[in-house]
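As structure tokens, the structure follows; a few thoughts come after it.
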Amino acid sequence: MTHTYKHHHTDLLVVLTGQPNTGKSTLFTLLTGLHQDIGNYPGVTVEKKTGHFSGNGQNVEVVDLPGIYSLESYSPEERVTRNFILLERPEVIVVVLDASNLQRHLHLALQLLELEVPTVICLNMTDMAEHWGLEVDAAALEKMIGVPVIPAVASSGKGIAELKKTILEVAEKTQQNEHCPTGWHLDYGTEIESALAPITQSLSAKEHLMEDFAPRWLALRLLEGDSESQRIVQHHTHEPGWESLLKNSDDTIASFEKTHKKPLAKLMTAKRNEYANNVAATVVKRVRQYSRKSDLIDTYACHPFYGLALVLAIVSVVFYFVFHLAQEWTWIPAYGNDGLAWVSPCELTEIFFGDILPTGLNSILQLEEGTLVYSALYDAIIGGVGGVLTFVPIIFFMFLFLAILERVGYIARMVVVFDRLLRIFGLHGQSVLPLVMAGGIVNGCAVPAIMATRSMKEPRERLITIMVLPLMNCGAKVPVYMMLIGAFFAAYQVPMMLGLVAASWSLALLSALVLSKTLVRGKHSPLLLELPPYRRPTVIAVLYSALLNSWWFIKKAGTIILMVNVILWVAMTFPRTEGADSRAQLENSLAGRVGKLLEPIGRYAGFDWRDNIALAGGFAAKEVILSTMETMYQMENENYRESETVEPKLTTISGLFPEEQTGQVSETSGVEQEEDDLERATNTLKRILPTDPQWSMLKAISMMIFIMVYAPCTATVGVIWRETSFKWAMITLIYTTVLAWILAVAIYQIGMMFV
Amino acid sequence: MTTSQHTVTTIAELRVGESATVIAVYPDSASDNGSLVSRLAGMGIFPETKISIRQASRSGKRPTIVAIGDTRIALGHEVAEMISVSRN
């Protein structure tokens, strides 16, 4: 049982462990480069990062364990670390310590050393220690704790080669003889040691147990009253005698408590602290005084008013740059038919998948336009892939900025400033950034916003944040709002938009509050957070974070999104109606039939079946509502212009770009044409809707609120699914749609009383 | 506890600039299973640690920021109330 997830595919297993903010993940990146994989430990929402490097002809698997403050088995991170080290039996564990704060970090290091697994200490941030006027003697530390100590500066790559070399050396020794005791023991004093000895001895006699656990370590944990260790003794001993063993340790605990009036566990912790203090006092010398600039910055950055203003300013700037770098600014040169043109990364993706690839491919395949195969290949599949990839530039730039904020140490300050405010609603201080990214200021996208919650450590608050992010006004909802506002409230554009922003924040916060009291119950973790000193981020670490997260999105979320969109395409294309125009075809399709079926329900909100079909199309991407609505409405109201109307298609699923019409791709670039389509649909609808007897200002408001709240687009659902689980993705889908309907009905019905 | 009564208080009651020595952490037993004590210890807050206040709780209006040597820890009001200290 204990060896079930032992490594198989590599020669050596090495784990990185240490407290948060030690530069552990930068070190991991430097050791493994881009050979990384992010996943979860089975059954818990603790991120698992694995990577590889090779050296001495050996393939080394490196696992970056979660940052922890101690090695008790209380938090999921602590349990994961402890179990992973004990059960996976890595050849080497690398304990990363912050040289500038050695005394505190030794607390954890001593606990890890007691596991008696071959260990290498990486004394990181020696530059920081020096900067602070501290002299840290690595050789003296090595002598005191009996394991290799490698000084390093992860941010500049110093010491990495030496660390790799030492890891391989220690691993080689481990491989040569199974048990490689470090030779170091923390002395707990005669009284505790003499109580410890008999327990250690009787544990050593249990062969089954000793395959996996160091007897002294287990004895120490038993004396601390650690319940998990008691379970280990129960489950792993196949020989009789464990009852008396446990009773023995319980008796010792009781007798100590009697004589010392203090729990034995506390006495032992005190001994460890004392030892850590001694080591630190010997090893670290203060050679000059230093005044921390971080403290000065923090008097403003953590201030309830200035701090708040600073967070909002920084978040807005990040938001602005992410979306402008990805979408708005045309800074990438592209050579097309018209010579050199400047495009944005998102446009480049659009042009490639909407124009270059289909045109190029069709010059080989020679498929006839308008046929089913043509539509399936270019609209559903290639268009779908392109739609997924248009998110990538946004995700890339968002993680670039997020990684900078994180490594600078600013995220922790953000939490401090916003904690009290957002806690009221069951959210977390860190939720503010995702909320803005999702459309808190108008425009934005829930997909990168959901991914931005990754750095949140509290699983419950993270889940609640993810579930309310789709309620924000993302960039795909805005064109639909603009059309309806233009058609019915042309004189009140600004107040209407502000009203929509206020509505979406209120709904998101209230939904969070209700979710935290109903579906996502649990204990709210109290604020307890280290404020690391401000640091300069490492270029490589920041770049890798952006690259790895983008790649994760393509590989893990992209596939789900693509699948759901192909299903949607099928629903809007089948059954085929021969010889019918696009409107009749859509009306008769699966999606159209569902739209008609929903008429009795939608009617209460003022929607007829045409609106229902448009809203169903909006599940693919909210801006598709415009083009679908155009198709549904224009024939009845105007002369049907065959040349301009194309079959409603789900070519893009991007939450950012409107539907594209591949019929004319060879003429103009995909991007210009999309803008034309969007503008045309908007103008047509602006003209038609006010004259339509079914429409009124009331219906427009009801519709806008419905669009704001109802079912997140497929891309968002796909990412929620991947970041949480299928269950939570479905719950989000259902609660948003039900809430949207209730709100729309309430607005429409109450409004009708006054009209 | 041997400390005289009038100097014993919790971190939540301390003001900016005040320094104190940690006596003990009393987790709210209903909601805690020891994780808070061990996490605080890992962050450097355990009995006999000297701390000073960088930002005060002001009866829960804002998080407390505590300095322990070169470490800075932000504590919510409920955590600050669990840590008993004696004023220096």
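The listed protein sequences derive, respectively, from chains P and E. In case it helps, this note's numbering puts the first sequence at residues 1 to 755. In case it helps, this note's numbering puts the second sequence at residues 756 to 843. Think of the CB as a built atom: it goes at the ideal place given N, C-alpha and C, for glycine as much as any other residue.
Beta-carbon gap between residue i and residue j smaller than 8 angstroms
i, j, result
"H428(P)", "L422(P)", "yes"
"Q430(P)", "V408(P)", "no"
"L115(P)", "V136(P)", "no"
"L108(P)", "G225(P)", "no"
"A571(P)", "L590(P)", "yes"
"S758(P)", "M708(P)", "With chain P running from 1 to 755 in the structure shown, residue 758(P) is simply not present."
"I450(P)", "T716(P)", "yes"
"L471(P)", "T736(P)", "yes"
"W728(P)", "I720(P)", "yes"
"L830(E)", "L528(P)", "yes"
"Y335(P)", "P358(P)", "no"
"L547(P)", "A276(P)", "no"
"F401(P)", "V287(P)", "no"
Chain E within 8 angstroms of residue i, Cβ atoms only
i, result
"S229(P)", "no"
"S100(P)", "yes"
"R286(P)", "no"
"R104(P)", "yes"
"L528(P)", "yes"
"H428(P)", "no"
"D419(P)", "yes"
"C302(P)", "yes"
"Q19(P)", "yes"
"L531(P)", "yes"
"D692(P)", "no"
"D298(P)", "yes"
"D379(P)", "no"
"D295(P)", "yes"
Interface flag, residue i vs chain P, CB-CB below 8 angstroms
i, result
"T762(E)", "no"
"G772(E)", "no"
"L769(E)", "no"
"S841(E)", "no"
"P782(E)", "no"
"V777(E)", "no"
"V811(E)", "First, the residue type needs correcting, since residue 811(E) is Ala and not Val in the sequence shown. Answer no: the Cβ-Cβ gap between A811(E) and chain P never drops below 8 angstroms."
"T765(E)", "no"
"I828(E)", "yes"
"T808(E)", "Here residue 808(E) is Ile; the residue named in the question, Thr, does not match the sequence. Closer than 8 angstroms: no."
"I838(E)", "no"
Nearest-angstrom Cα separation, counted from residue j out to residue i
i, j, result
"A835(E)", "Y781(E)", "10 angstroms"
"E630(P)", "M703(P)", "15 angstroms"
"V14(P)", "R104(P)", "24 angstroms"
"E461(P)", "L433(P)", "14 angstroms"
"V268(P)", "L739(P)", "What sits at residue 268(P) in the sequence shown is Met, not Val. Each residue's alpha carbon lies about 54 angstroms from the other."
"A811(E)", "V147(P)", "41 angstroms"
"E257(P)", "K206(P)", "28 angstroms"
"T50(P)", "M837(E)", "38 angstroms"
"T119(P)", "G797(E)", "20 angstroms"
"G426(P)", "L513(P)", "5 angstroms"
"V763(E)", "K266(P)", "21 angstroms"
"F353(P)", "E169(P)", "50 angstroms"
"E274(P)", "T166(P)", "29 angstroms"
"D608(P)", "G602(P)", "7 angstroms"
"A161(P)", "P537(P)", "21 angstroms"
"K164(P)", "A412(P)", "31 angstroms"
"Y534(P)", "V436(P)", "24 angstroms"
Residue i, buried or exposed, once every other Cβ within 10 Å from all chains shown has been counted against 16
i, result
"M467(P)", "buried"
"P333(P)", "exposed"
"H832(E)", "buried"
"P818(E)", "buried"
"V233(P)", "buried"
- Task: Output, in sequence order along the chain, the residues in the region 57–73 of chain P whose CB is closer than 9 angstroms to any CB in chain E.
- Result: Residues passing the 9 angstroms Cβ filter: I68, Y69, S70, L71 and E72.
- What residues in the region 269–280 of chain P have a beta carbon less than 7 angstroms from any beta carbon of chain E? T269 and N273
- Which residues, in chain order, does the region 405–417 of chain P contribute to contact with chain E at a C-beta distance below 8 angstroms? A412, V415 and V416
- Task: Name, going along the chain, the residues of the region 106–121 of chain P whose beta-carbon falls closer than 8 angstroms to a beta-carbon of chain E.
- Result: H107 and L108
- Message: Along the region 131–147 of chain P, where does the CB come closer than 8 angstroms to a CB of chain E? Name the residues.
- Response: W132
- Task: Taking a Cβ distance cut-off of 7 angstroms, strictly less, list which residues of the region 792–803 of chain E are near chain P, in chain order.
- Result: S793, R794, A796, G797, M798, G799 and F801
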